[in-house]
Amino acid sequence: MTIRKFGMALTAAAAVFAGSAVVSAAQAETWKFALEEIDGSVQDAYAERFKELVEERTNGEVTVQIYPYGTLGTSAQLTELVANGTLQFANASPGHLGSLVPEVNVFNLPYILSQSDEVNKKVLTEGETVYNMLAPKLKDKGLHLITMYPEGDMVWTTNKEVRSPEDFSGFKMRTMTSPILTESYKAMGANPTPMPYGEVYGALQLKQIDGQVNPVFAIEEMKFYEVSDYMIWAGQQEFTTTVVANQTFWENLPEDRRQMVDEVASELADFIFDVKTQYAEERLEKIKQAKPDMPMIELTEEERAKFKEAAMGARDTFIEVGGEDAQKVLDALTAEIEETEKEMQGG
Numbered sequence: 063m064t065i066r067k068f069g070m071a072l073t074a075a076a077a078v079f080a081g082s083a084v085v086s087a088a089q090a091e092t093w094k095f096a097l098e099e100i101d102g103s104v105q106d107a108y109a110e111r112f113k114e115l116v117e118e119r120t121n122g123e124v125t126v127q128i129y130p131y132g133t134l135g136t137s138a139q140l141t142e143l144v145a146n147g148t149l150q151f152a153n154a155s156p157g158h159l160g161s162l163v164p165e166v167n168v169f170n171l172p173y174i175l176s177q178s179d180e181v182n183k184k185v186l187t188e189g190e191t192v193y194n195m196l197a198p199k200l201k202d203k204g205l206h207l208i209t210m211y212p213e214g215d216m217v218w219t220t221n222k223e224v225r226s227p228e229d230f231s232g233f234k235m236r237t238m239t240s241p242i243l244t245e246s247y248k249a250m251g252a253n254p255t256p257m258p259y260g261e262v263y264g265a266l267q268l269k270q271i272d273g274q275v276n277p278v279f280a281i282e283e284m285k286f287y288e289v290s291d292y293m294i295w296a297g298q299q300e301f302t303t304t305v306v307a308n309q310t311f312w313e314n315l316p317e318d319r320r321q322m323v324d325e326v327a328s329e330l331a332d333f334i335f336d337v338k339t340q341y342a343e344e345r346l347e348k349i350k351q352a353k354p355d356m357p358m359i360e361l362t363e364e365e366r367a368k369f370k371e372a373a374m375g376a377r378d379t380f381i382e383v384g385g386e387d388a389q390k391v392l393d394a395l396t397a398e399i400e401e402t403e404k405e406m407q408g409g
């Protein structure tokens with residue numbers, strides 16, 4: 063980080079912490095919204111549209127201030143800042159929320175979600191598992207769940223061709239800090255290496271890790287492809303994120319403001335689904351243009367089946383960590399996905 067950028071980050075952080083007390087609804091003229099991703103990302107597109115609609119519908123009485131990744135802290139720190147009332151809103155992915163609420167780790171399990179985008183959109187934005195089972199547990203941690211949405215298929219960028227769990231032997235794969243994610247990659251044969259998002263490029267460049275996993279748009283915007291040799295689609299996971307609010311802030315909002323935010327979130331479900339699809343296509347084309355000789359591998363069904371079988375052990379770890387409630391969440395989500403798939407297939 064340059065001195066100028068460091069100074070800008072300190073200035074942004076100072077502005078946030080200056081108003082760090084939980085603000086009452088009557089005083090909440092500025093809503094601070096922190097992202098886990100940088101400008102130009104899927105989360106940034108969501109936040110900008112959220113800002114536009116909120117400011118429009120409150121006739122300018124509320125201003126939404128957006129803080130991209132890197133201005134306030136790591137993803138895990140952003141969740142803490144929302145929980146303690148320093149921030150009103152933030153994106154929080156299951157890879158970090160799982161340390162607060164173990165049951166949220168269900169979304170970190172490989173091959174848990176559907177291969178259908180439409181099914182996943184419905185389950186994440188409307189599903190009973192998310193809003194009736196997980197939301198109350200987040201509330202207990204000081205977080206109100208606004209919504210959850212998908213950001214795209216998680217793609218491996220690696221320094222060698224990986225087509226089987228055996229190919230992962232001795233392979234240092236960067237993961238988020240979630241124990242379930244580390245166990246998942248361990249089960250699939252890799253050596254998981256948790257690391258903050260902002261350190262990944264340098265670690266790839268210096269050969270401290272052998273690969274990482276992210277949606278295509280993130281691979282392009284963070285330039286991970288520049289320091290990787292392969293891109294591999296294994297179909298193991300859809301990257302998901304939540305939008306959470308500070309619980310006390312939410313409870314102090316007037317009913318009409320809470321209803322307005324819920325309506326905006328509902329309207330943004332289709333918007334962000336289209337954005338993530340568009341970004342995946344556009345950013346992949348940019349990668350191909352920048353690095354035309356980079357091998358791009360889509361694993362066959364047989365190859366994916368081997369990884370899926372190997373990863374099933376992570377479900378046992380999920381239940382061991384989360385206990386009986388984790389088993390209930392896993393069963394409920396699995397059943398909900400199957401039922402939604404049948405509905406959408408007309409069965």
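Per our numbering, residue 63 is the first one in the sequence shown, and the count goes up by one each step. Ideal Cβ positions, reconstructed from N, Cα and C, are used throughout, including at glycine. Just so it is clear, the structure is predicted and the values come from calculations on it, not from any experiment.
{"Asked": "Is the beta carbon of A96 closer than 9 Å to that of V144?", "Found": "yes"}
{"Asked": "Is Q150 helix, strand or coil by DSSP?", "Found": "coil"}
{"Asked": "Taking only three categories from DSSP, how would you classify Y263?", "Found": "helix"}
{"Asked": "Pairing CB atoms from the segment 287-296 with CB atoms from the segment 348-363, are three or more of them under 8 Å?", "Found": "yes"}
{"Asked": "Is A327 near the ligand FAD - that is, is its Cβ less than 8 Å away from at least one heavy atom of it?", "Found": "With respect to the ligand FAD, the structure offers nothing, as it holds no ligand at all."}
{"Asked": "In the structure shown, what three-state DSSP assignment does P256 receive?", "Found": "strand"}
{"Asked": "Residues bridged to K234 by DSSP?", "Found": "N253"}
{"Asked": "Name the one or two DSSP bridge partners that T125 has.", "Found": "T92"}
{"Asked": "Per DSSP, what are the beta-bridge partners of H158 in this structure?", "Found": "BP columns for H158 are empty, so no partner."}
{"Asked": "For a test of the three-state rule: what should DSSP assign to Q170, helix, strand or coil?", "Found": "With the sequence shown as reference, residue 170 is identified as Asn, and Gln is not the correct amino acid for it. Here N170 sits in helix by DSSP."}
{"Asked": "In angstroms with no decimal places, state the Cα-to-Cα distance between G147 and F311.", "Found": "7 Å"}
{"Asked": "Can you grab the Cα-Cα spacing for the pair A342 / G214, in whole Å?", "Found": "7 Å"}
{"Asked": "State buried or exposed for L171, treating a residue as buried only when at least 16 other CB atoms are found within 10 Å of its CB.", "Found": "buried"}
{"Asked": "Taking just the CA atoms, how far does V289 sit from A352?", "Found": "12 Å"}
{"Asked": "State buried or exposed for M250, treating a residue as buried only when at least 16 other CB atoms are found within 10 Å of its CB.", "Found": "buried"}
{"Asked": "Is M216 closer than 9 Å to Q105 when the C-beta atoms are compared?", "Found": "no"}
{"Asked": "Could you check the C-alpha separation between K390 and E165 for me, to the nearest Å?", "Found": "9 Å"}
{"Asked": "Which of helix, strand or coil does DSSP assign to M210?", "Found": "strand"}
{"Asked": "For D139 and K94, which I take to be in contact (beta-carbon distance under 8 Å), what is that distance rounded to the nearest angstrom?", "Found": "The residue you asked about is not Asp; residue 139 is Gln in the sequence shown. Actually they are not in contact, since the Cβ atoms of Q139 and K94 sit about 14 Å apart, beyond 8 Å."}
{"Asked": "Rounded to whole angstroms, what's the CA-CA distance from Y207 to I281? Just pull it up for me.", "Found": "Looking at the sequence itself, residue 207 is Leu, so the reference to Tyr does not match. Roughly 27 Å separates the two Cα atoms."}
{"Asked": "I'd like the ranges of any beta strand (DSSP E) spanning at least 3 consecutive residues and lying wholly in the segment 300-385.", "Found": "300-308 and 358-360"}
{"Asked": "Taking just the CA atoms, how far does V306 sit from P212?", "Found": "15 Å"}
{"Asked": "Put Y287 into one of helix, strand or coil per three-state DSSP.", "Found": "helix"}
{"Asked": "Check the Cβ-Cβ distances between T310 and every residue of chain D, and say whether any is below 9 Å.", "Found": "Going by chain labels, chain D is absent from the structure shown, which holds only one protein chain."}
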